[in-house]
Each structure stands twice: as C-alpha cells, then as structure tokens.
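S.K.: Chains as they are written, first to last, in my numbering: chain A, 3 to 354; chain B, 3 to 354. Note that beta-carbon positions come from the ideal geometry of N, C-alpha and C, so glycine has one too. All values derive from a computational prediction rather than experimental measurement.
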C-alpha cells in the first residue's frame, strides 16, 4: 500500500474511524493517482475504488499490485454488497466540505452507515504538508511561471487587448506545462481595481497599469503569482501605493517560518493598511497544491501556525474603485528557517 | 423583478417555503445574471446577494433597479442581521445537490433556520425548460460547433497528434465563442475505446478511427456534439458497429417529442444493444444549458417524460476495450412535434 493510503489509515485509527468514504476527486488523486469519476472506500480490510464502465479500462491500466486498490464497476455491485462494505464499522468518516447534503443522505442509506462522521480534517492536514515530490512539482510550476513572465515583459505593448495577453499566457502554459492553474487575470487601467477581473477586449494604452495573476500546473500541482506593471512612468499616487503594497508583501515574507502564527502575520498587514486608511479586502493568502486554493487560508480568523513544508501564497492588494489596483503575490515554501520564495520574478516597479 | 426570480417565488409559495438560500453559482447566474462568488437570499420581502469586497464593484455595475436585488458586502453584516433575514420563516429551502454538508450545518446556525428544506427541484424544473433567449444561445453554440467540425474535416490528417487537434478546436472556440464547454475529447485508434479519453501525444495514423467530442459556450450556454470519423476505409467490423450506433441514434431522434417517456426511449436502445451482445455503458444523454450536464438525465432509471423546450443530448456509443469505440451525439431541442436536431454536422460514415 502506498504511503499516503497508509497515513490515512493511521490517522483514522486515532479518530476511532473504522472506515471512510472519499469522494473529492482531488483527494482521490492525492491518495491513488487515479483521475476518474468514482469514490474511494477505505474499509477495514481493503481500499476499493468504485467507478463505472467509462473508466474501468483506464483505471485498471494505471494501478499496480503495490497500490493495493481493488477496482469495481458500480453496475456489478448489488444492494447487499453496498451494505456489507462497512459491516461492523461503528464510525465511518466523510468529507464534510465536499459531500453534498444529498450524497450525505444517500450514502448513509446505501452503505447502511451507523455513524457518518465529519473527518475531512484528516485529508486537509495531510495535504497541507507537502512531501519532496509535491514540492518539486510546485517548484517547477513556479519556474515556468517566471519564464512566462519574462516572456511577457518583451511581449506586452500598447495596442494589445487584455484578452490577447491572457491568451499568450494560456498558450505558453499549454506548451510548457499542463495549462493554466486557474482563469488567468489580466486587468488593465481602471479594470485593475477589480481583484477578480475577467480579461476584456480593452486595449492597453500608454500610462496604463496592468495587474496579471497567473499560474500553471505540473503533475496537477499549481503555481500562483501576481505582478502589477506599468506602461510608462506611473503617477505619484500609483508609485506610493505600489511601494506600500510591496513593503507589506516583503514584511510578510520576513515573518513566514515554521511556527509563525497566521493570525498575527495577517493582523500586522491589516494594521498597516488601516493606518493608511486602506482595507485588506481579501485574504492575505492561501495554501497551494493539487488545488489552487487549499488550506491553510492566511486570514485573520485563522489562529493556527505555519508548519514546515506548507506552500502558501502571500498576496496583499489595494484597490481603488473606478481608478486602479495593485496586487503583488508570490508562492512560498515554509521552512524551519523562514520563507523560500518559489516565484522569483522581479517585484521592483516594472515599467514597460 | 425579473421573470425568473418571480417564477422562483411562485414555486416557493406552492411548497410552503417562506425563504430560500441559493448558493450554486450556475443557479445564481440563471436567476440574476451575476457571475461572482456569493449567495442569493430570497427572503419574504427582498432578493439579497451577499458577496465580498472583491466583487462589490462589479456586481453593483451590472444590476439595475428593475432587477430588484440588494447587494451586501458580507463584512458589513453582523450576527443579528444574519439571524433576521429569515425571521418568521417556517421553512427555508436550499439546494441539496449543491450545498455541502458543512455549509448546510453552517447556514442553519448562522441564519437561525427553523426547517431547512430540500428544494432544489424548483430550480431544476425551471432550468430544464428553456426560454427563447436560452434556445437562441444554444442554437448559436451548436452552429459554431458545426462550423468547427467543417474546419476539422479539412484540418485533420495523419501526422497530427490528438493534442494538436484538441488545441485547434479550443482555439476555434476561443475565437468564435466563449471557449470550450468542457474538456474536448480527441481519441484515436485504440484510445477511442475509452469514452472519457484525454487527448494524448498519440499521432494520427492511416486507417485510424477518431472520436471527437466537442462543444462551446455562448452567453454561458453549451453545445455538445460527438462524431466518429475514419482515416481511410474502415474495416468491416468498424463499418458494422458505426451503422448500428447510427441507426440507434436516429431511432432515438424519431422517438423524441413532448410527452415521450425517457425510460422507454432508453430501454429500446438498450434492448437493441443487448440483442447484439453489447451494453450501453453510459447514459444515453443528458440535459444541456448553462451546465454541460444537467437534468433530465436520459437513463433507464428516469421514468419521467420529455417536455417541450427541453434541450438534451442523444449519444449512444459502443466501446471495445483495447480496440476501438464509436459514439455519435447531437444536441436536440424537444418540440411538440418531435426532435429538432441543433447540431447538424454530417453523420454518415466520414472518411478522410
């Protein structure tokens, strides 16, 4: 059995769970490398992946005896068999942040479950701490993102539309990685004041400010980086805000290390923002892995601590409605000694 | 208030619901045209969209007084206010197939809900029947899909990889529509035996069979079409299976009309398949709209009837593991008189 399935079983023991149903495809991929529709049952004796006819051939072709996973086609499983998977299991765990209310009820009935217990934290806690293989993939995705940004510095000029720039990024990521990790943001001029702007047909003009939020995937693992750049000399107001955001972003990097408290890191940025009359309108960051947004959320409400080998983003931003916005973001590996910034593109005020 | 919000309120009355929380972004878009993170509350007196600072500017810019929607930033809503939204509401509805178990519990607590009632069917039933505007969008998406297929017939030749063909489709859809409606499938040779194959670096060879499953979006509305084509003369076995699948696909088209029973349509195909020693390994079809897969599912287990202005797919397929597969699919509008096939690409055995 692979290490991750073994780790899940160990944690289940600690929570007095005798079984578990895993339905989130990202968690299934994390535990088994299988990318197909279906559910993974961790029963007393077996690991069982239940799928359907569309995926049987593919799944059987990728699992090895070492994986110790039984593959079943749902159409061959009868009512009794469903009821027997968790026979003599007092408690069976599930992913409460993934499973819909309707599936929750269906599984209790179908599998005749005694106590269906919220147990997603097991998976969240495992996935938060990255192993060497995962870190290598994220590093590679970050390198490709840096290469893409280098390409962009040459490519961007007045006359292009936001959509054309976004498309260039998508093409680069499709050629050098597994495509974009999320919908690329290219927000120019007044559009940059919307943190989640969608690329439009707006044409880049002289004196524009452009915020670009981009990332790609390698073996499913994501990178995430934002840079705000200028076409020609920025205004004094833009320069001031840019440097203020950058100072805060760097301050956070100085504070990131194994053991640092997430709430106090965020609080320190927020109080700087408030002193200046600004507000931090979104989270300061988030975990990155097989999902672009995962735990830990770097937010005032999170009173837990950073741990070695977490990978998180650090992305303070200021947005002036109808005018402009500035966000600067890196993907960062937490180490015992401090932050290791994985996206290394230049952050000093870039003027094109 | 717009017609769709009004329709929801009428249906809520029929189910004795005094309030409803709508969280699925697709349903929110359907009811309000808003595309942003947040939840929509239908309270006794108001329609309220609760979002956060990232989307306030965008949402305020797209809603009009006629929409009758109040927009709130979650950070300005206190504990008491949450508890007052559904004050004096006996029953509040929610989307049981969308809401996670964890949100289900959170909302009951946060909004102090008396009876939180499974009510997604209201939205499912509304969305299943398309209005003129929706049908026009789907028709346009289907036309562009036909144009894309015409382009492909000229473009495809031995030496190209599956990925290159998929990329050509994606590029076409990005140029002429809002991009692809789902991950395009290009499955050649033995890969075509996997109904959900992902495009690979496999090179198209003489005598290959290729299954292409593709669709795009217009104003969020999807098209969905599959064609199986041949590079050079197919084998006798391939020809036989192709014609058998095509006959069944055409037979279904003849049976589709307002009032036709979904179970019996599916049963008729299945019994033809079984007589030949084949099995129908996936659903015969599905509804298409703002989501690529929506109700009704065209499946043996669905004993309901087709209704005028539903839009569904019709996609029988046969898959011979390790050898090849054939699937033929159209997007179809259900009318009083019969089926109106919206994807009109040639289905006779296409040899390139």
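Do you know offhand how far residue 2 of chain A's Cα is from residue 38 of chain A's?
M.R.: Outside the shown range of chain A (3 to 354) lies residue 2 of chain A, about which nothing can therefore be said.
S.K.: Compare the C-beta of residue 265 of chain A with all C-beta atoms of chain B and state if any pair is closer than 8 Å.
M.R.: Residue 265 of chain A does not count as touching chain B.
S.K.: If you pair each beta-carbon of the stretch 137-149 of chain B with each one of the stretch 215-233 of chain B, do three or more pairs fall below 8 Å?
M.R.: With the cut-off at 8 Å, the stretch 137-149 of chain B and the stretch 215-233 of chain B touch.
S.K.: If you follow the beta strand (DSSP E) that residue 232 of chain A is in, where does it begin and where does it stop?
M.R.: Segment 227-232, the beta strand (DSSP E) holding residue 232 of chain A.
S.K.: With residue 194 of chain A and residue 326 of chain A assumed to form a contact (beta carbons below 8 Å), what rounded beta-carbon distance in angstroms separates them?
M.R.: With a Cβ gap of about 5 Å, residue 194 of chain A and residue 326 of chain A count as contacting.
S.K.: Chain B beta carbons: is any one of them nearer than 8 Å to that of residue 98 of chain A?
M.R.: Closer than 8 Å: yes.
S.K.: Select from A/31, A/74, A/41, A/81 the residue whose C-alpha is nearest the C-alpha of residue 4 of chain A.
M.R.: Among A/31, A/74, A/41, A/81, the Cα nearest to that of residue 4 of chain A is on A/31.
S.K.: Tell me which residues share the same chain as residue 168 of chain A and place their Cβ nearer than 6 Å to its Cβ, disregarding the 5 neighbours each side in the sequence.
M.R.: If we look at residue 168 of chain A and ignore the five residues flanking it on each side, its Cβ neighbours are 186, 188, 201.
S.K.: For the stretch 33-118 of chain B, which segments carrying the beta strand (DSSP E) assignment without a break, of at least 3 residues, lie completely within its bounds, in sequence order?
M.R.: Listed in chain order, they are 41-44, 49-53, 71-75, 93-96.
S.K.: For the stretch 122-138 of chain A against the stretch 9-24 of chain A, do three or more pairs of beta-carbon atoms, one drawn from each stretch, fall closer than 8 Å, so that the two count as touching?
M.R.: Touching, per the Cβ criterion.
S.K.: Against chain A, which members of the stretch 281-314 of chain B pass a CB distance test of less than 8 Å?
M.R.: Flagged, chain order: 281, 283, 284.
S.K.: Would the stretch 232-240 of chain B and the stretch 196-215 of chain B be scored as touching if the rule is three or more Cβ pairs under 8 Å?
M.R.: Because the criterion of three Cβ pairs below 8 Å is met, the stretch 232-240 of chain B and the stretch 196-215 of chain B touch.
S.K.: Are the beta-carbon atoms of residue 268 of chain A and residue 302 of chain A separated by less than 8 Å?
M.R.: Closer than 8 Å, so yes.
S.K.: Assess contact between the stretch 146-154 of chain A and the stretch 171-179 of chain A, defined as three or more Cβ pairs (one per stretch) separated by less than 8 Å. Is contact present?
M.R.: Segments in contact, yes.
S.K.: Is residue 31 of chain A helix, strand or coil when you go by DSSP?
M.R.: Reduced to three states, the DSSP call for residue 31 of chain A is helix.
S.K.: Residue 258 of chain A and residue 341 of chain A: beta carbons closer than 8 Å?
M.R.: Cβ distance < 8 Å, so residue 258 of chain A and residue 341 of chain A count as in contact.
S.K.: For a test of the three-state rule: what should DSSP assign to residue 288 of chain A, helix, strand or coil?
M.R.: Strand at residue 288 of chain A.
S.K.: Answer with buried or exposed for residue 242 of chain A, where buried requires no fewer than 16 other C-beta atoms within 10 angstroms of its C-beta.
M.R.: By the neighbour-count rule (16 or more Cβ atoms within 10 Å), residue 242 of chain A is not buried but exposed.
S.K.: With a threshold of 8 Å between beta-carbons, can residue 205 of chain A be considered close to chain B, or not?
M.R.: Closer than 8 Å: no.
S.K.: Let's test the definition: count the other Cβ atoms within 10 Å of the Cβ of residue 349 of chain A and tell me whether it reaches 16, buried, or not, exposed.
M.R.: Result: buried.
S.K.: Within this structure, are the beta carbons of residue 51 of chain A and residue 71 of chain A separated by less than 8 Å?
M.R.: Yes. Within cutoff.
S.K.: To which residues does DSSP link residue 342 of chain B through a beta bridge?
M.R.: DSSP, once it has assigned bridges, lists B/335 as partnering residue 342 of chain B.
S.K.: If you run the structure through DSSP and keep just helix, strand and coil, what is residue 263 of chain A?
M.R.: In the structure shown, residue 263 of chain A sits in a strand (DSSP, three-state: E or B).
S.K.: To the nearest whole angstrom, what separates the beta carbons of residue 84 of chain B and residue 113 of chain B, a pair I think is in contact under 8 Å?
M.R.: The pair is a contact, with the Cβ atoms about 6 Å apart (cut-off 8 Å).
S.K.: What in chain B is Cβ-close to residue 59 of chain A, meaning under 7 Å?
M.R.: Correct list: 195, 196, 323.
S.K.: Chain B beta carbons: is any one of them nearer than 8 Å to that of residue 244 of chain A?
M.R.: Chain B, which has no Cβ nearer than 8 Å to the Cβ of residue 244 of chain A, makes this no.
S.K.: Against chain A, with Cβ distances strictly below 8 Å, would residue 217 of chain B count as a contact?
M.R.: False, the Cβ-Cβ gap to chain A never drops below 8 Å.
S.K.: At a CB-CB cut-off below 7 Å, which residues of chain B make contact with residue 109 of chain A?
M.R.: Per Cβ cutoff of 7 Å: no residues; residue 109 of chain A is ~10 Å from chain B at best.
S.K.: Interface residues of chain A around residue 101 of chain B at Cβ under 7 Å?
M.R.: What residue 101 of chain B touches in chain A: 102, 103.
S.K.: Please state whether the Cβ-Cβ distance between residue 197 of chain B and residue 56 of chain A is less than 8 Å.
M.R.: Yes, they are a contact pair.
S.K.: Quick one, which of A/27, A/44, A/108 has its alpha-carbon nearest residue 8 of chain A's?
M.R.: Nearest C-alpha to residue 8 of chain A: A/44.
S.K.: Could you name the residues of chain A that residue 84 of chain B contacts, counting a contact when the two beta carbons are closer than 9 Å?
M.R.: Here the premise fails: no neighbours, minimum Cβ distance about 16 Å.
S.K.: Quick one: does residue 55 of chain B have its CB under 8 Å from some CB of chain A?
M.R.: At least one chain A Cβ lies under 8 Å of residue 55 of chain B.
S.K.: Quick check on residue 419 of chain B: buried or exposed, where buried means 16 or more other Cβ atoms within 10 Å of its Cβ?
M.R.: Chain B is shown only over 3 to 354; residue 419 of chain B falls outside these bounds and no answer can be derived.
S.K.: Report yes if the CB atom of residue 26 of chain A is closer than 8 Å to the CB atom of residue 93 of chain A, and no otherwise.
M.R.: Cβ distance not < 8 Å, so residue 26 of chain A and residue 93 of chain A don't count as in contact.
S.K.: Go ahead and label residue 217 of chain A buried or exposed: buried means 16 or more other beta carbons lie within 10 angstroms of its beta carbon, across all protein chains shown.
M.R.: Burial call: buried.
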